[in-house]
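Asks: There's a structure below that I have some questions on.
Residue numbers (UniProt numbering): 1 to 519.
Shown next as structure tokens:
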């Protein structure tokens with residue numbers, strides 16, 4: 001072998017990665033832990049350190065046929081720890097003791113100091129031919145150190161030995177200062193935190209250091225589930241550099257409502273995002289379902305992603321106005337995904353949504369109806385992330401050529417138009433406004449297109465009706481004008497009593513469309 005080939009082989013060995021097998025942790029680390037490296041995992045009690053360390057071991061055995069040694073420097077018995085871990089799906093008792101070997105080093109470090117502990121480590125790793133090594137409870141080792149220098153030398157010696165052996169090492173401890181000797185010596189530092197933000201308890205993962213590689217900086221949400229630790233990288237950093245979108249011919253995606261589609265010049269442009277804004281009961285959900293049903297009628301796949309109504313209620317609601325939602329759900333053309341009103345993580349919701357769309361993705365275009373932008377807002381631990389989050393999510397949906405309709409709820413009868421999620425108007429191409437108007441002890445619905453980028457559209461106000469006969473948009477602005485001016489209308493050949501003529505039309509229009517101080 002030539003000298004250059006030898007150097008390339010050595011470089012490849014140094015850059016080899018050990019994938020964690022933990023969803024999205026390898027994404028944060030840009031490939032996983034480096035082969036033969038030594039890493040510090042720190043965090044307060046209850047943050048998930050022991051679960052993460054054991055999950056790394058079990059995944060290393062299962063996915064890479066490795067051999068692991070797990071050494072504890074704590075008083076807690078292994079039987080108790082294994083009992084707790086046995087409830088998690090990743091843990092395989094059959095790995096013990098041949099592939100996963102638990103050993104205590106507490107007595108050695110207490111009675112013989114670092115020399116005795118180091119001898120135990122050398123002997124055990126060689127006998128077990130370990131490729132992954134965990135020391136849990138490094139703060140105990142430090143307590144038995146005669147001096148900071150002695151502890152530093154122990155960590156240096158451990159690093160040199162495990163690197164020579166080609167064994168990747170994880171040092172688990174409670175939270176340390178950033179300037180702690182251990183953090184300075186190791187190749188990477190990963191911190192798990194567990195804190196209260198308002199009434200919510202939130203676990204987060206932060207990578208403070210990772211030698212020789214880029215990584216995703218900042219805090220990422222963590223959940224402990226029956227599968228172990230699940231990590232949710234921030235959506236806006238996952239998709240900070242979206243790939244270039246292929247220049248496909250855009251088509252129009254209609255709602256199946258003739259006059260509304262005419263107002264939209266044939267429908268919504270494919271791959272675009274639309275906001276349906278209106279007060280409760282104005283028809284946002286039914287309009288979104290109509291969008292999905294029309295796509296299914298044409299053979300296009302659609303997904304409902306909502307926070308309010310479970311699928312049986314949605315189907316009943318749609319059938320009441322003549323929308324055959326159940327038929328297309330049974331055919332597999334429409335997927336109903338309901339998120340019950342519990343505590344969610346915003347990034348977890350985005351992951352579920354995008355993964356669901358990828359599962360159904362073939363070559364055809366897809367439709368998506370998100371019923372409730374406020375569902376994301378309620379799940380946000382840090383509300384100031386909302387603008388960046390929505391921008392990243394909608395960009396990713398465009399990259400997948402998904403035509404999206406998303407609702408956002410206004411307050412009932414507010415005199416001025418104040419959006420609950422003002423950031424939404426900036427990241428969507430089209431905004432449809434649904435409003436109530438009161439006249440002579442009756443409530444009427446009005447619909448208008450507030451904006452539509454790079455497209456022609458009808459700017460007139462239209463009456464929007466919902467009945468057992470279906471959803472209907474008036475064929476002209478005449479009925480809307482009659483409502484706003486206080487004039488009667490002719491319905492089914494019968495004329496209502498006319499109100500006295502007024503010159504109040506302009507004032508009512510301002511209140512309805514939110515012009516004036518609120519605009």
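Ideal Cβ positions, reconstructed from N, Cα and C, are used throughout, including at glycine. Note that the structure is predicted; figures quoted are calculated from it, not measured.
(1) Please state whether DSSP places residue 113 in a helix, a strand or coil.
(2) Just the C-alpha distance for residue 219 and residue 69, rounded to the nearest angstrom, thanks.
(3) Check residue 201 in the structure and name its three-state DSSP category.
(4) Could you compute how far the alpha carbon of residue 81 sits from the alpha carbon of residue 127?
(5) Comparing C-alpha positions only, which one of 141, 222 and 269 sits nearest to residue 453?
(6) Extract the residue ranges of the beta strand (DSSP E) inside the region 291-365, only unbroken runs of 3 or more that lie entirely within it.
(7) Just to confirm, are residue 275 and residue 408 a CB contact at a threshold of 7 Å?
(8) So who's on the other strand from residue 442, going by DSSP bridges?
(9) Answer yes or no: do residue 193 and residue 182 have a C-beta to C-beta separation smaller than 7 Å?
(10) Closest to residue 92 by CA distance: which of 60, 399, 265 and 115 is it?
(11) Please report the distance separating the alpha-carbon of residue 497 from that of residue 445.
(12) Where does the unbroken alpha helix (DSSP H) through residue 586 begin, and where does it stop?
(13) Along the chain, where does the beta strand (DSSP E) that runs through residue 463 open and close?
(14) Under 7 Å, do residue 398 and residue 271 count as touching if we go by C-beta distance?
(15) For residue 68, list the residues DSSP reports as bridge partners.
(16) So the beta strand (DSSP E) residue 84 belongs to, where does it begin and stop?
(17) If I'm right that residue 90 touches residue 55 with Cβ under 8 Å, what's the distance once you round it to whole angstroms?
(18) State buried or exposed for residue 410, treating a residue as buried only when at least 16 other CB atoms are found within 10 Å of its CB.
(19) According to the Cβ coordinates, are residue 338 and residue 312 closer than 7 Å?
(20) My assumption, with CB atoms under 8 Å, is that residue 190 sits in contact with residue 175. Please give the rounded CB distance.
(21) Please identify the residue among 62, 83, 66 and 50 whose C-alpha is closest to the C-alpha of residue 72.
(22) With a Cβ-Cβ cutoff of 7 Å, do residue 279 and residue 170 count as a contact?
(23) So what does DSSP say about residue 494, is it helix, strand or coil?
(24) Contact check, residue 531 vs residue 144 under 8 Å by CB: the rounded distance?
(25) What do you get for residue 249, buried or exposed, if any count of 16 or more other CB atoms within 10 angstroms of its CB means buried?
(26) Examine the ligand PLP and report whether any of its heavy atoms sits within less than 6 Å of the Cβ of residue 89.
(27) CA-CA distance, residue 253 and residue 229?
(28) Note down the Cα distance separating residue 463 from residue 368, rounded to an integer number of angstroms.
(29) Using only the alpha-carbon positions, how far apart do residue 472 and residue 436 sit?
(30) Where does residue 232 fall in DSSP's three states?
(31) Taking only the alpha-carbon atoms, compute the straight-line gap between residue 115 and residue 167 and give it to the nearest angstrom.
(32) Would you call the region 422-438 and the region 234-243 touching, i.e. three or more CB-CB distances under 8 Å?
(33) Smallest Cα separation from residue 529: which of 294, 382, 292 and 281?
(34) Count the other C-beta atoms from every protein chain shown that fall within 10 angstroms of the C-beta of residue 578, then say buried if there are 16 or more, exposed otherwise.
(35) Assuming residue 30 and residue 213 are in contact, meaning their beta carbons sit under 8 Å apart, how far apart are those beta carbons, in whole angstroms?
(36) In the DSSP assignment, what residue or residues form a beta bridge with residue 430?
Replies: Looking at the atomic coordinates:
(1) Here the question's residue 113 lines up with position 113 in the chain shown. Here residue 113 sits in helix by DSSP.
(2) If you number the chain shown from 1, residue 219 lands on position 219. If you number the chain shown from 1, residue 69 lands on position 69. Cα to Cα, the separation comes out at about 29 Å.
(3) Locating residue 201 in the chain shown gives position 201, where the first residue counts as 1. It is a strand residue.
(4) Stepping through the chain shown from its first residue, residue 81 is reached at position 81. Stepping through the chain shown from its first residue, residue 127 is reached at position 127. Taking the straight line joining both Cα atoms gives about 24 Å.
(5) Within the chain shown, residue 453 is the residue found at index 453, counting from 1. Considering only alpha carbons, the answer is 269.
(6) 301-306 and 334-338
(7) As a working note, residue 275 is residue 275 in the chain shown. As a working note, residue 408 is residue 408 in the chain shown. Yes.
(8) Mapped onto the chain shown, residue 442 falls at position 442. Residue 442 pairs with 439.
(9) Locating residue 193 in the chain shown gives position 193, counting from the first residue. Locating residue 182 in the chain shown gives position 182, counting from the first residue. No. Outside cutoff.
(10) As a position in the chain shown, residue 92 is number 92, starting the count at 1. If we check each option's Cα against that of residue 92, 60 comes out closest.
(11) The count along the chain shown starts at 1 and reaches residue 497 at position 497. The count along the chain shown starts at 1 and reaches residue 445 at position 445. Because the pLDDT of residue 497 is 40, which lies under 50, any placement of that residue in the model is unreliable, and the number read from its coordinates should be weighed accordingly. Going from the Cα of residue 497 to the Cα of residue 445 covers about 20 Å.
(12) As shown, the chain starts at 1 and ends at 519. That puts residue 586 outside it, with no answer to give.
(13) On the chain shown, position 463 is the one that residue 463 refers to. Where residue 463 is concerned, the enclosing beta strand (DSSP E) stretches over 462-467.
(14) Translated into the one-based positions of the chain shown, residue 398 becomes position 398. Translated into the one-based positions of the chain shown, residue 271 becomes position 271. Cβ distance < 7 Å, so residue 398 and residue 271 count as in contact.
(15) Sequence index remark: in the chain shown, residue 68 carries index 68 (1-based). Per DSSP, 100 and 132.
(16) Here residue 84 refers to the residue found at position 84 of the chain shown. No beta strand (DSSP E) contains residue 84, which is instead part of the alpha helix (DSSP H) from 78-85.
(17) The residue given as residue 90 occupies position 90 in the chain shown. The residue given as residue 55 occupies position 55 in the chain shown. Their Cβ separation, rounded to whole angstroms, is 5 Å, which keeps residue 90 and residue 55 in contact under 8 Å.
(18) Translated into positions along the chain shown, residue 410 becomes position 410. Counting C-beta atoms within 10 angstroms of its own C-beta, residue 410 has 16 or more neighbours from the protein chains shown and is therefore classed as buried.
(19) As a working note, residue 338 is residue 338 in the chain shown. As a working note, residue 312 is residue 312 in the chain shown. For residue 338 and residue 312, no; Cβs fall outside 7 Å.
(20) Counted from its first residue, the chain shown places residue 190 at position 190. Counted from its first residue, the chain shown places residue 175 at position 175. Not really, about 12 Å apart at Cβ, beyond 8 Å.
(21) Locating residue 72 in the chain shown gives position 72, where the first residue counts as 1. Answer by Cα proximity: 50.
(22) Reading the chain shown from its first residue, position 279 is the one you call residue 279. Reading the chain shown from its first residue, position 170 is the one you call residue 170. The answer is no: Cβ separation not under 7 Å.
(23) Taking the chain shown and counting its residues from 1, the one referred to as residue 494 is at position 494. Interpretation of residue 494 is limited by its pLDDT of 41, a score under 50 that renders its predicted location unreliable; the figure taken from the coordinates is listed afterwards. The DSSP-derived three-state label of residue 494 is strand.
(24) Look at the range of the chain in this structure, 1 to 519, and you will see that residue 531 is not part of it.
(25) In the chain shown, counting from the first residue as 1, residue 249 sits at position 249. The residue in question, residue 249, is exposed, as its Cβ has fewer than 16 Cβ neighbours within 10 Å.
(26) Summarising the ligand content, the structure contains no ligands, and the ligand PLP is consequently not present.
(27) Here residue 253 is taken as the residue at index 253 of the chain shown, counted from 1. Here residue 229 is taken as the residue at index 229 of the chain shown, counted from 1. Going from the Cα of residue 253 to the Cα of residue 229 covers about 40 Å.
(28) As a first step, residue 463 is located in the chain shown; it is residue number 463 there, counting from the start. As a first step, residue 368 is located in the chain shown; it is residue number 368 there, counting from the start. Residue 463 and residue 368: Cα-Cα distance of roughly 25 Å.
(29) Within the chain shown, the letter at position 472 stands for residue 472. Within the chain shown, the letter at position 436 stands for residue 436. Each residue's alpha carbon lies about 15 Å from the other.
(30) Translated into positions along the chain shown, residue 232 becomes position 232. Here residue 232 sits in strand by DSSP.
(31) To locate residue 115, count along the chain shown from 1; it is residue 115. To locate residue 167, count along the chain shown from 1; it is residue 167. Per the coordinates, the alpha-carbon of residue 115 lies some 20 Å from the alpha-carbon of residue 167.
(32) no
(33) Residue 529 lies beyond the residue range present for the chain, which begins at 1 and ends at 519; the question has no answer from this structure.
(34) Only positions 1 to 519 of the chain appear in this structure, which leaves residue 578 out of reach.
(35) Reading the chain shown from its first residue, position 30 is the one you call residue 30. Reading the chain shown from its first residue, position 213 is the one you call residue 213. About 6 Å separates the two Cβ atoms, so the contact holds.
(36) Numbered from 1 along the chain shown, position 430 holds the residue referred to as residue 430. Paired residues: 274 and 452.
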